[in-house]
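**Student:** Pasting in a structure now, in structure tokens, and then I'll have a few things to ask.
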Amino acid sequence: MLKIKKQALGLYKTNCYVLIQEKQSIIIDPGFSPEKIESMFEGTKPLAILLTHAHLDHVNAVKALHQKYQLPIYMSKKDDAILKLTTSTPEGYHRDFEAEYFDLQEGRLQIGNFSFEIIATPGHTEGSLCIRCENHLFTGDTLFRGTIGRTDIFSSNPEKMQKSLEKIKSLDPNYIVYPGHSVSTTLEEEFLTNPYLLNSIGNKKD
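If you read the sequence shown in full-length UniProt numbering, its first letter stands for residue 1, the second for the next number, and so on.
The structure is reproduced here in structure tokens:
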């Protein structure tokens, strides 16, 4: 049975998720505080790190976890340019990301006991992805409860975001949404109430 643990980490309260199943675990978007992320493992063996996109607040703990556990990293190569941007913020966070990673592309992905569907959803960044495991959809900064990710920053594109939202609207409304920030929701709830799924898009969050 799949178990999902979450902690909102760092100044930006970025959600890091740990998926647990049959003594194995997967980390999604380890933004900050690797020691807090480790506390979610519950004695399981971590198998890999999956990234919804490459913004600093979603990847800052990657290097520490990769070095300690020798974990493979999966991320869209289309976000590679973001990794070459300034590697620090005024708040003092640093993206010390030097490890090689596997290019995560749309389609099926099997890691240990975990089966994923990777859905390309460019817009917030060129390489933004949604990651589905069973009926759980990890949307990064593409979709939030009641809003969407920003499309006015480097590597973002409002037209591509619109197409990605149309793709999301074709998914099963019973999926539970786990966003990169704030609280979980369901696709059904977003289809009924999220103005960016009902109407045209705008520039919003994170």
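Heads up, the beta-carbon is just placed ideally off N, CA and C, and yes, glycines get one too.
Note that the structure is predicted; figures quoted are calculated from it, not measured.
For Gln110, which residues from the same chain have a beta carbon less than 8 Å from its beta carbon, with the 5 sequence-adjacent residues on both sides left out?
**Tutor:** Counted from its first residue, the sequence shown places residue 110 at position 110. Excluding positions up to five away in sequence, the list reads Phe116.
**Student:** Please report the distance separating the alpha-carbon of Leu198 from that of Tyr69.
**Tutor:** Translated into positions along the sequence shown, residue 198 becomes position 198. Translated into positions along the sequence shown, residue 69 becomes position 69. The alpha-carbon atoms of Leu198 and Tyr69 are separated by roughly 43 Å.
**Student:** Please name the residue in Thr151, Thr186 and Ile27 whose C-alpha comes closest to that of Met75.
**Tutor:** For the purposes of this step, residue 75 is taken as residue 75 along the sequence shown, with counting starting at 1. The option with the nearest alpha carbon to Met75 is Ile27.
**Student:** Can you look up Tyr74 in the DSSP assignment and give me helix, strand or coil?
**Tutor:** In the sequence shown, residue 74 corresponds to position 74, counting from 1. Reduced to three states, the DSSP call for Tyr74 is strand.
**Student:** Out of curiosity, what's the CA-to-CA distance linking Val18 and Met1?
**Tutor:** Within the sequence shown, numbered from 1, the residue matching residue 18 stands at position 18. Within the sequence shown, numbered from 1, the residue matching residue 1 stands at position 1. Cα to Cα, Val18 sits roughly 14 Å from Met1.
**Student:** Reducing DSSP to helix, strand and coil, say where residue 210 ends up.
**Tutor:** Beyond the ends of the chain as shown, which are 1 and 206, falls residue 210; an answer cannot be given.
**Student:** Using beta-carbon positions only, say whether Thr142 and Ser164 come within less than 8 Å of one another.
**Tutor:** Reading the sequence shown from its first residue, position 142 is the one you call residue 142. Reading the sequence shown from its first residue, position 164 is the one you call residue 164. Yes, Cβ-Cβ distance for Thr142 and Ser164 is below 8 Å.
**Student:** Closer than 6 Å by C-beta to Asn194: which residues in its own chain qualify, once you throw out the five before and the five after it? Chain order, please.
**Tutor:** As a first step, residue 194 is located in the sequence shown; it is residue number 194 there, counting from the start. Closer than 6 Å at the Cβ level, and outside the excluded window around Asn194, lie Gly146.
**Student:** Look up Asp80 in the DSSP assignment and say whether it is helix, strand or coil.
**Tutor:** On the sequence shown, position 80 is the one that residue 80 refers to. Asp80: helix per DSSP, three-state reduction.
**Student:** Quick one: which unbroken beta strand (DSSP E) runs of 3-plus residues sit fully inside the stretch 154-186? Chain order, please.
**Tutor:** 176-179, all fully within the stretch 154-186.
**Student:** Got a sec, what are the start and stop residues for the alpha helix (DSSP H) His136 sits in?
**Tutor:** Translated into positions along the sequence shown, residue 136 becomes position 136. Element bounds for His136: not the alpha helix (DSSP H) but the beta strand (DSSP E), His136 to Gly140.
**Student:** Just to confirm before moving on: does the CB-CB distance between Gly31 and His66 stay below 8 Å?
**Tutor:** By one-based count along the sequence shown, residue 31 stands at place 31. By one-based count along the sequence shown, residue 66 stands at place 66. Contact: no.
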